[in-house]
Amino acid sequence: MRIRSPRPWRERGVAVITALLLTTLAISIVASLFWQQQVQVRSMENQRLHLQTKWILRGALDWATLVLFQDGIDHSTYTSLDQVWATPLAETRLDQYV
98 MRIRSPRPWR ERGVAVITAL LLTTLAISIV ASLFWQQQVQ VRSMENQRLH
148 LQTKWILRGA LDWATLVLFQ DGIDHSTYTS LDQVWATPLA ETRLDQYV
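Positions in the sequence shown are counted from 1; adding 97 to them yields the working numbering.
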């Protein structure tokens, strides 16, 4: 009669632990890639919002320049608070546009 040695059981245990470690490593790498992609997407979104805000500001400044220039042409002799440049603007929430 032949006696079996306990080695195959140990080898199976090492194989299971190795498989678990490799699976953990693969999951960690994939999670890191997803995290990096999410950071890049957020960065691009922030850049887009910054650029939109910049263009809205540029448009508002151009509009104000045009109003003041036209008022200077229309009323070159005097300035008063009943002219177009002194008209209050309606409240505009930028979060509706940006």
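For every residue, glycine included, the Cβ atom is placed at its ideal position computed from N, Cα and C.
Practice item. Measuring alpha carbon to alpha carbon, tell me which of V113, H147, T120 and A123 ends up nearest D192. Key: Residue numbering aside, residue 192 sits at position 95 when the sequence shown is read from its first letter. Taking each of V113, H147, T120 and A123 in turn and checking the Cα distance to D192, the smallest one comes out for H147.
Check your understanding: Should the region 128 to 135 be called in touch with the region 163 to 180, which here means at least 3 C-beta pairs below 8 Å?
Key -> No, they do not touch.
Point to revise | Three-way DSSP call (helix, strand, coil) for H172 in this model | key: The residue labelled residue 172 in the question sits at position 75 within the sequence shown. In the structure shown, H172 sits in coil (DSSP, three-state: anything other than H, G, I, E or B).
**Study point:** Cβ-Cβ separation, W182 to L163 (assumed contact under 8 Å), whole Å
**Key:** What you label residue 163 is simply residue 66 of the sequence shown in a count that begins at 1. What you label residue 182 is simply residue 85 of the sequence shown in a count that begins at 1. Separation of the CB atoms of L163 and W182 is rounded to 10 Å, and the pair is thereby denied contact status at 8 Å.
Check your understanding: Three-state secondary structure (DSSP) at S129?
Key -> Translated into positions along the sequence shown, residue 129 becomes position 32. DSSP places S129 in helix when its eight states are reduced to three.
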